[in-house]
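Heads up: the structure comes next, in structure tokens.
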DNA sequence: CACAGATGGTTCGCCGCGCAACTACCTCCC
DNA sequence: GGGAGGTAGTTGCGCGGCGAACCATCTGTG
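Residue numbers (my numbering), protein chains in the order written: chain V, 1 to 155; chain F, 1001 to 1155.
What follows is the structure, given as structure tokens:
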């Protein structure tokens, strides 16, 4: 009668455990094989997938669930590493783009291969192809429900 | 050719976004309605579900994907708040139990209700009952694959 | 055109985690 | 039973994120 054992609590627990364990492994692997923190990878790949290889700071923050302040620092580090540059936004002088440098593009392209291997090894190899599609569909429902607006990003 | 658009990358992205957005909402809600950080909730509920309302530090660390050092600090705070006490382990003098105090048990029992409402609102209401079971099954596969050994905890 | 409120980004102070080093203890094996 | 190596837990340190306050700019309203 507690509710301590409620199935929904367990479901949340499974999500938490899957996520944290997976994230740990992917981060370790990426750091080892591409010398790139997973957070950097996530930022760079968002940029790489965007038109012109650039994105407004606020859009990037929304997509990565980083706060504006956290994103500012993260971009600072990427700029210091020469992978990203800040470009002023011509139509809104408050705004700024984060834009991939050629070095940044090289770096992310070189990292994708190893990363995919890690994803396959630690994640998708646990699931058949149709299960992967099921999981994607279910997670998309959850994502759209809890964070509507993150879906509407593609240019 | 890029692989930047690989479905598996997207699947990882969905997992990340679902998790982070959900965690943010659940944490906010729990803090508001039960004045309890989500991490505290997770620790307390693990203890509440364990025989004798206590667990070895290392077991708790393994279950919560916290490092031993992180767990030590977290338990420090829970002890300071009077929700948990440390008990020496009679059979292994290196070891220690984290054990719920009566106040801790009250606190977690009072928090479960509101938390379940948040979970329902932000998470499970996006899915039909059979979809919830599907998702649980898929995540369990992933969890067992990436973190085998986390499964074998129940006393 | 002026001013009020909203919005994009950055900066500052604080907190919490992980890693590595350390201590205490246990266990295995000779 | 004694020493080597492993395991449980804690501590020192640095990194990195968040929230709040802040500045600059935009937008709407009279």
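Yeah, the Cβ is synthetic: ideal placement off N, Cα and C, and Gly gets one too. Note that this is a predicted model, so its numbers are computed, not measured.
Note down, in chain order, each residue of its chain lying with its Cβ closer than 8 angstroms to the Cβ of residue i, except the 5 sequence neighbours on either side.
i, result
"residue 1155(F)", "Any reading at residue 1155(F) must be qualified, since the residue scores a pLDDT of 29, below 50, and its modelled position is unreliable; the value itself is stated next. 1050 and 1051, listed in sequence order."
"residue 1093(F)", "none"
"residue 127(V)", "135"
"residue 1001(F)", "No answer about residue 1001(F) holds up, because its pLDDT of 48 lies below 50 and its placement is not dependable."
"residue 78(V)", "40, 43, 44, 84, 98 and 104"
"residue 1153(F)", "Low local confidence applies: a pLDDT of 43 at residue 1153(F) is under 50, so the model's placement there is unreliable, and no value is given."
"residue 138(V)", "none"
"residue 1082(F)", "1101, 1103 and 1104"
"residue 8(V)", "none"
"residue 88(V)", "95, 96 and 97"
"residue 1013(F)", "none"
"residue 119(V)", "26"
Could you tell me the boundaries of the alpha helix (DSSP H) in which residue i lies?
i, result
"residue 1018(F)", "1007–1034"
"residue 1102(F)", "1102–1122"
"residue 138(V)", "129–146"
From the DSSP secondary-structure annotation, give me the bridge partner or partners of residue i.
i, result
"residue 97(V)", "56(V) and 87(V)"
Considering only residues of the same chain and omitting the five flanking positions on each side of residue i, which have a CB-CB separation below 6 angstroms?
i, result
"residue 1061(F)", "1068 and 1071"
"residue 38(V)", "26, 27 and 30"
"residue 958(F)", "In the structure as shown, chain F begins at 1001 and stops at 1155. Residue 958(F) is therefore absent and cannot be evaluated."
"residue 86(V)", "96"
"residue 115(V)", "30"
Less than 7 angstroms between C-beta atoms, sequence neighbours within five positions excluded: which residues of the same chain meet that for residue i?
i, result
"residue 123(V)", "22"
"residue 111(V)", "30, 34, 36 and 41"
"residue 1017(F)", "none"
"residue 132(V)", "124"
"residue 55(V)", "46, 47, 97 and 98"
"residue 53(V)", "47, 99, 100 and 105"
Complete runs of the beta strand (DSSP E) confined to the region 46–92 of chain V [at least 3 residues] = 54–56 and 84–88
In chain order, what residues of the region 1078–1110 of chain F put their CB closer than 9 angstroms to some CB of chain V?
-> 1108 and 1109
Residues of the region 13–36 of chain V whose Cβ lies closer than 9 angstroms to any Cβ of chain F, in chain order | 13, 14, 15, 16, 17, 18, 19, 20, 21, 22, 23, 24, 25 and 26
Under 8 angstroms (Cβ pairs) to chain F, residues found in the region 120–143 of chain V | 120, 122, 123, 124, 125, 126, 127, 131, 132, 134, 135, 136, 138, 139, 140, 141, 142 and 143
Contact residues within the region 1034–1054 of chain F, judged by C-beta distance below 8 angstroms to chain V = 1042, 1045, 1048 and 1049
Using a beta-carbon distance cut-off of less than 7 angstroms, what residues from the region 52–73 of chain V approach chain F?
-> 65
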